[in-house]
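Residue numbers (full-length UniProt numbering), protein chains in the order written: chain G, 1 to 639; chain R, 1 to 103.
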Amino acid sequence: MGTLIVLLVLALFLTAIFTGGYNKDFLDRVKTSKVWDWLTTVDHKKIAILYFMSGFFFFIVGGIEALFMRLQLIVPHNDLFVGDTFNELLTMHGTTMIFLAAMPMIFGLMNAIVPLQIGARDVAFPFVNALGFWLFFAGGLLLNLSWIFGGAPDAGWTSYTSLALNEYSPGPGIDYYVLGLQISGIGTLIGGLNFLVTIINLRAPGMTYLRMPLFTWTSFVTSALILFAFPALTVALLLLMFDRLFGANFFDYTMGGSTVIWQHLFWIFGHPEVYIVILPAFGVMSEVISTFSKKRLFGYTSMVFATVLIGFLGFMVWVHHMFTVGLGPVSNSLFAVATMAIAVPTGIKVFNWLFTMWGGEIRFTTAMLFAVGFIPTFVMGGMTGVMLALPPADYQYQDSYFVVAHFHYVLVGGTVFGMFAGAYYWWPKMFGKLLDEKLGKFHFWTFLIGFHLTFFPQHFLGLFGMPRRVFTYQSGVGLETINLISTIGVFGMTIGTLAFIYNIYKTFKVEAQAPADPWNGRTLEWAIPSPPPEYNFAQLPRVRGLDPFWLEKQAGNKGMTPAEPLGSIHMPSPSYLPVLMSLGFFIAGFGFIARGNYAVGILGLIVVVITMFMRSFEQDHGYHIEPEEIEDANKGVQA
Amino acid sequence: MAGHNQQSTTNQPASRKPEGVMKHLISFAIMIVLTALAFYLVATDVVPEGWVLPLIIIFAAIQVFLQLFTFMHLDQKGSGYYTLFIMAGILIAVVSAVGIILM
C-alpha cells in the first residue's frame with residue numbers, strides 16, 4: 001500500500017517535470033500532450049499501431065529468448081543457459097511468441113485494415129477496442145516482469161499439470177503465467193467480440209458477405225474462433241489459479257482431481273488458437289497475391305468456404321495433441337481422421353493462390369516475396385502435420401525436435417511471413433510512409449534462408465532422437481553438426497529482423513508521404529488517403545461488387561461513388577478509463593502473485609470496479625465533425 | 001436523410017415491442033433467489049444427497065433461459081445472428097464435453 005502511494009507521487013512528479021513544472025496549467029498541458037493522446041485514444045487506426053508495435057516489441061523479446069536457446073545448443077555440453085534458466089527461456093519463448101507477439105500483431109493489422117475494407121468509420125465499440133489493447137498490454141507486461149521479480153514460468157508454454165502445480169513448481173513463475181495470460185486473455189476475447197459485431201453490423205451499403213475481401217473474412221472467422229476458444233483457456237487458467245493460490249485440487253489426482261483435464265481444456269483452446277493465428281495470415285496472403293498478380297482472387301467463394309471449414313474443424317481435433325496420453329485407439333483414430341480432413345480445405349487454399357498467380361502480371365515487391373515464400377514453406381509444415389496426425393507414427397515423433405520443426409514451419413512460415421507481408425503491404429496505409437523496398441528484399445532473403453537453415457535440419461534432429469525442451473545433448477551421437485547448422489540459421493533470421501527494424505527507423509526519417517494507392521490496390525482501403533483521416537470515409541462508399549475499388553477504377557472513376565451526402569460525422573471521445581481499468585487488473589494480478597497478502601490484490605480489483613462504475617454512468621455522447629471541416633481537410637490533401 | 005450521421009445497423013427491426021421494467025426486475029429477482037437457493041442446497045442437508053445435483057442443474061437451466069430471453073432479447077425479431085452463434089457455441093461445447101467424457 002505504501003509502495004503504491006510512493007509510486008503514484010513519483011509518477012506525478014515525473015509528469016510535472018517532463019511537461020514543465022506543476023502549476024495551474026499542469027492538467028491542460030498533460031491533456032494536450034502526445035503521450036496523453038495515445039494513452040486515451042479510441043481511434044482504431046491508433047490502436048492498430050499500438051497493437052502492432054507492442055506485438056513487434058514482444059516478437060523481439062521472444063526472438064532474443066530463442067537466440068539464447070540456440071546459443072546454448074550450439075555445441076554439446078554447453079553451460080551458457082543450464083537447467084531452470086533454459087526451462088524459463090523455452091517457456092517464455094513459446095508463451096511470448098503466441099500470446100504477446102502473434103496475437104497483437106494480428107489484432108494490429110485487423111484494427112488497421114478491417115474497418116477500412118468494409119467501409120466503416122470505426123469499429124463497433126471503440127472503447128472496448130482500447131480496453132482490449134490495454135488489457136493485453138497489462139497482461140504481457142505482468143508476464144514479462146516475472147524475469148525480474150521472482151523467476152519466469154518454467155513448465156513449458158502448455159504448462160501441463162501436475163508439473164505446473166505448487167508441489168513441482170514452487171515460486172511465483174507459474175502464477176505469473178496464470179494471471180498474465182488471464183488478463184491478456186480478457187483483452188483478446190473482447191477484441192474478438194468487437195470485430196464480430198463490427199463486421200456483421202458496420203459494412204458499407206452494398207458490401208454483402210460475399211463481397212467482403214478475404215482478409216475481412218479470415219478476421220471474421222478468427223474472431224469467432226476467439227469467441228469460442230478463449231473461454232476454455234479462461235476456465236483452465238481459473239482452475240489452475242485455484243489449485244495454486246487457494247489450495248483447490250482440480251488437477252491433483254491424489255485428491256480426486258484429474259491431470260488430463262488440464263490437457264483437454266488447454267488443447268480445446270490451444271488447437272483453435274493455432275488457427276486463430278494462421279487464418280489472418282491466409283487473409284493477408286490472399287490480398288497480397290491478388291493485388292500483385294493484378295488478378296481477381298481465384299476461387300473466391302471456395303476460399304471463403306475453406307476458411308469457415310478450417311475454423312469449424314479446428315474445434316474437432318484437439319486430441320491429436322494428446323495421442324500418447326493413452327486415451328485408446330478409438331479416440332486416437334477418430335481424431336486422426338478429423339485432423340487429416342483439415343488438409344483438404346488448406347489444400348484448396350494453396351491451389352487457389354497458385355491459380356491466382358497463374359497468368360497474372362506479377363510484381364515481386366517485398367510483400368509479394370513474403371507471400372510467395374510462404375506457400376512452399378507452409379506446405380512443408382502442413383506435410384509434416386499430416387505425418388504427425390498418424391497416431392502410430394506420432395508415438396515415434398512425439399516430444400522430439402520433429403514436432404518443433406513442424407510447428408515452426410507453420411507458425412513462422414505461416415504467421416510470421418504473413419505478418420511481415422502485411423506490414424510491407426499496409427505500412428503506407430498505417431503510417432503514411434512506404435517501407436524501403438531494397439532493405440525489405442534484404443530482410444526477406446536473410447530471413448527466409450535463415451529460417452530454413454534453422455528449422456529444416458531440426459526435422460532430422462528429431463528423427464535422430466533428440467528430445468525437445470532439453471538444454472544439452474551428448475557428443476558423439478551424430479547431433480553436433482545439425483545443431484551447429486541450426487544455430488547458424490538463427491543468425492540469418494536475426495539479421496533479417498534487424499534489417500526490418502532499421503527499415504522502420506529509416507522510414508520514419510523519410511519525408512515523402514505515401515500516395516493513397518501505392519500498389520494499384522483492389523479493395524476499399526486504397527480508395528482513401530494514406531494515412532486515412534480520423535473519420536476514414538467522408539462519405540460512406542457504395543460497393544458494387546468484389547474488389548470494389550478495382551471495379552471503379554476499371555469503370556474509369558477516380559474514387560468510390562458515395563452512398564450518402566456529406567453530413568456531420570459522429571466520433572467517440574477519447575477516454576482514460578481503459579488504461580486505468582487495465583492498471584487495476586495489473587495491480588490485482590501482482591497482488592495475487594505476491595501471495596499471502598491479498599490487500600494489494602483486492603485494492604486492484606476495487607480500482608477495476610470503480611472504473612467500471614465510472615464507465616457505466618458516464619454521460620459522454622462523443623462529438624461531431626462538421627462537413628465544413630471535412631471539406632477543408634480534403635482541400636489540404638489535394639493541394 | 002440529411003444529417004444521417006450514423007451507420008445503419010443491419011437486421012435490426014425499426015420498432016421494438018416496448019417492454020416494462022417489471023419484467024426485468026422479476027427475472028433478476030428470480031435469478032438471485034435461484035442462485036442463493038443453489039448455495040443453500042449444497043451447504044445444508046435439506047434435500048437428500050442424490051437430489052442436490054439434478055436440482056441445481058434445473059436451477060441453472062432456468063437461469064440460462066431467463067438470461068437469454070429477458071436480458072438478451074432472444075424472443076424478438078432479428079435475432080438470427082445470436083441464435084447462430086449460440087448454436088455454434090452449444091455445438092462446440094457439446095463436442096468438447098463428449099470428447100472429454102467418452103474418449
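Glycine residues also receive a C-beta, built at the ideal position from the N, C-alpha and C atoms.
None of these values were measured; they are calculated from a predicted model.
Taken through DSSP and simplified to helix, strand or coil, methionine 571 of chain G comes out as strand. Against chain G, the CB of serine 96 of chain R has a partner CB under 8 Å away; the residue lies at that interface. Take phenylalanine 374 of chain G, set aside five residues on each side of it, and the residues of its chain with a beta-carbon closer than 8 Å to its own are Ala281, Met285, Gly413, Gly414, Phe417, Gly418 and Ala421, in chain order. Less than 8 Å separates the beta-carbon of alanine 66 of chain G from that of valine 490 of chain G. Uninterrupted alpha helix (DSSP H) stretches at least 4 residues long and entirely within the stretch 541-589 of chain G occur at 548-554, given in chain order. Taking leucine 227 of chain G as reference, the option from G:Asn194, G:Tyr401 and G:Val344 with the minimal CA-CA separation is G:Asn194.
Within the stretch 445-477 of chain G, no run of beta strand (DSSP E) at least 3 residues long lies entirely inside it.
Here DSSP, grouped into helix, strand and coil, assigns histidine 621 of chain G to coil.
In the DSSP assignment, arginine 363 of chain G falls outside any alpha helix (DSSP H) and carries neither an H nor an E. Beta-carbon to beta-carbon, methionine 571 of chain G and tyrosine 598 of chain G are separated by about 41 Å, too far to satisfy the 8 Å threshold. By the Cβ test, the stretch 178-187 of chain G is in contact with the stretch 233-253 of chain G, since at least three Cβ pairs between them sit closer than 8 Å.
Below the 7 Å Cβ cutoff, chain R contributes Ser96 as neighbours of isoleucine 268 of chain G, in chain order.
Residue G:Arg70 holds the alpha-carbon nearest to the alpha-carbon of asparagine 483 of chain G among G:Leu10, G:Arg70 and G:Leu14.
Taking C-beta separations shorter than 7 Å and ignoring five residues to either side along the sequence, leucine 25 of chain R has no partners in its chain.
Around the beta carbon of isoleucine 268 of chain G, 16 or more other beta carbons sit within 10 angstroms, so the residue counts as buried. Residue nearest to phenylalanine 230 of chain G within the set G:Gly257, G:Trp262 and G:Glu273 is G:Glu273 (criterion: CA-CA distance). Under the three-state reduction of DSSP, serine 159 of chain G is assigned to coil, being neither helix nor strand. Residues of chain G whose Cβ lies closer than 8 Å to the Cβ of isoleucine 92 of chain R are, in chain order, Phe228 and Phe315.
At a cut-off of 8 Å, the C-beta of alanine 60 of chain R has no neighbouring C-beta in chain G.
Assigned with DSSP and collapsed to three states, serine 258 of chain G falls in coil, not helix or strand. Listed by position along chain G, the residues whose Cβ is nearer than 7 Å to that of isoleucine 86 of chain R form an empty set, because the closest Cβ is around 11 Å away.
Between phenylalanine 136 of chain G and proline 104 of chain G, the C-beta spacing is below 8 Å.
Think of a sphere of 9 Å around the beta carbon of isoleucine 100 of chain R: the chain G residues whose beta carbon falls inside it are Val260, Ile261, His264, Leu265 and Ile268, in chain order. Per DSSP, reduced to three states, the secondary structure at serine 530 of chain G is coil, with no helix or strand assignment. By the criterion of at least three beta-carbon pairs nearer than 8 Å, the stretch 207-226 of chain G is not in contact with the stretch 238-255 of chain G. Taking all protein chains in view, the Cβ of arginine 522 of chain G is crowded by 16 or more other Cβ atoms within 10 Å, so the residue is classified as buried. Chain G places a beta carbon closer than 8 Å to that of tyrosine 81 of chain R, counting this residue as a contact.
Under the Cβ criterion of 8 Å, glycine 78 of chain R is not counted among the residues facing chain G. For the set G:Ala343, G:Thr365 and G:Ala371, the Cα lying nearest the Cα of threonine 356 of chain G is the one of G:Ala371.
Here serine 146 of chain G carries a coil assignment [DSSP, helix/strand/coil].
Only those residues of the stretch 300-326 of chain G whose C-beta falls short of 8 Å from the nearest C-beta of chain R are listed: Phe315, Met316, Trp318 and Val319. The alpha-carbon separation between aspartate 252 of chain G and serine 169 of chain G amounts to approximately 13 Å. The C-beta separation of tyrosine 424 of chain G from alanine 499 of chain G comes to about 12 Å, leaving the pair out of contact by the 8 Å criterion. For the 8 Å CB-CB criterion, glycine 311 of chain G and histidine 271 of chain G do not form a contact.
The distance from the Cβ of tyrosine 300 of chain G to that of leucine 10 of chain G is about 56 Å, inconsistent with a contact at the 8 Å cut-off. Within its own chain, the residues whose Cβ lies closer than 8 Å to the Cβ of methionine 72 of chain R, once the five positions on either side in sequence are excluded, are Tyr82, listed in chain order.
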